[in-house]
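J.: Residue numbers (our numbering): 52 to 451. From the three backbone atoms N, C-alpha and C, an ideal C-beta is built for every residue, glycine too.
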């Protein structure tokens, strides 16, 4: 393995610099390139700020080479990471990498994990890391999901199994009551095993119980949106009060979904953006709040998703924009896989005068496929034999 030695203020982004490096002399020497090529010119603008680091020992060189070639880190990242972790031989880090690979970690995931928590390379694979991996696998989590979750945030691998992870699990089990739900929450954020539950989670749970939210809805919120349950208690309380003022029933799941939609600065920003997008389609404040009460997550859609859906329903199908107020859930459906195929069938039936023009969006888009086919395809197969082909996209509805 070629050792990297004595690098100081190296321009990593310009390996062809006219400065050359001489390891034996331990200094930079000016290249003879200038003498060979008198047309070499220097830019007037200052060079990018160099990466200032010093590699002065064989141990530094070994660590950097290992991080690059075995862990997949770019050279620049490896130099910076070597300031946090050092090793002289590959035995311990090799055993850690072998363990990770055997548990489904890809090279990219290993690189991400090492970059975030490099000192894990010095952990004991059998005594420290393996018991934690086995614990989560015992809950029913697959190796690919575990690798994806821990490479995204490997902090949990630095915590004690006995003093942090297991007690957190025991507490979550009293609320979620199944390992499947705990795994679902864990996939969304590892912090349900990291945070001090007495700080925010427990007070937030007690508040929801106090306002009358049933256990099933609390479990729903913690399972699918655990980050909302761990929000700062003061802010969480304000959101709960705001949702109550909007008229949500604490006994229904829409209450906790609305709380989630308002939790966090990011969600509030999305809420405000959606508000403006719906206004562009002629919705009033009351219309928007009405849709929000029916399906709170309609205020968490991307602008692109809303615009594409509204454009199709209003401009291509001719439905009034406020028709969607009564059924905002249709904005979540796939335009290509569900909405367009069904609406092509409806357009053919309209053109033949076989159904009324005022048919509701709910009736067309919400039934399961079997029910839709029975009601709008099979029922009219004698009058329009090609209707199934229209639905399957094999025939242009204009040619029927």
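#1: Looking at the unbroken alpha helix (DSSP H) that takes in residue 417, where does it start and where does it end?
#2: Using only the alpha-carbon positions, how far apart do residue 356 and residue 382 sit?
#3: Can you check which of these residues, 177, 248, 120 and 156, is closest to residue 143 by C-alpha distance?
#4: Pop quiz: residue 404 and residue 373 are said to be a contact at Cβ under 8 Å. What is the actual Cβ separation, rounded to whole angstroms?
#5: Terminal residues of the continuous alpha helix (DSSP H) containing residue 328?
#6: Three or more C-beta pairs closer than 8 Å, one from the segment 155–163 and one from the segment 191–206: is that the case here?
#7: Taking the alpha helix (DSSP H) that residue 168 falls in, what are its first and last residues?
#8: Do residue 361 and residue 312 have their C-beta atoms closer together than 7 Å?
#9: Confirm, please, whether the CB-CB distance from residue 255 to residue 287 is below 7 Å.
#10: Report yes if the CB atom of residue 395 is closer than 7 Å to the CB atom of residue 448, and no otherwise.
#11: Which term fits residue 432, buried or exposed, when burial requires 16 or more other beta carbons within 10 angstroms of its beta carbon?
#12: Can you list, in chain order, the residues of its chain whose CB lies under 7 Å from that of residue 368, leaving out five sequence neighbours each side?
#13: So residue 296 is in the alpha helix (DSSP H); what residue range does that whole segment cover?
#14: If you compare alpha carbons, which of 232, 278, 239 and 289 is closest to residue 258?
#15: Does DSSP put residue 211 in a helix, in a strand, or in coil?
#16: Taking just the CA atoms, how far does residue 337 sit from residue 326?
#17: Could you tell me which of 390, 320, 354 and 278 sits nearest to residue 364, measuring between CA atoms?
#18: Would DSSP call residue 376 helix, strand or coil?
#19: For the alpha helix (DSSP H) that contains residue 130, what are its first and last residues?
#20: Expressed to the nearest angstrom, what Euclidean distance is found between the alpha-carbon atoms of residue 262 and residue 315?
#21: Does DSSP put residue 344 in a helix, in a strand, or in coil?
#22: Within this structure, are the beta carbons of residue 442 and residue 428 separated by less than 7 Å?
T.: If we stick to the structure as given:
#1: Neither: residue 417 is in no alpha helix (DSSP H) and is coded neither H nor E.
#2: 7 Å
#3: 177
#4: Actually they do not touch by this definition, with Cβ atoms about 26 Å apart.
#5: 315–331
#6: yes
#7: Where residue 168 is concerned, there is no enclosing alpha helix (DSSP H), given that its DSSP letter is neither H nor E.
#8: no
#9: yes
#10: yes
#11: exposed
#12: 394
#13: 284–296
#14: 289
#15: coil
#16: 11 Å
#17: 390
#18: helix
#19: 126–132
#20: 21 Å
#21: helix
#22: yes
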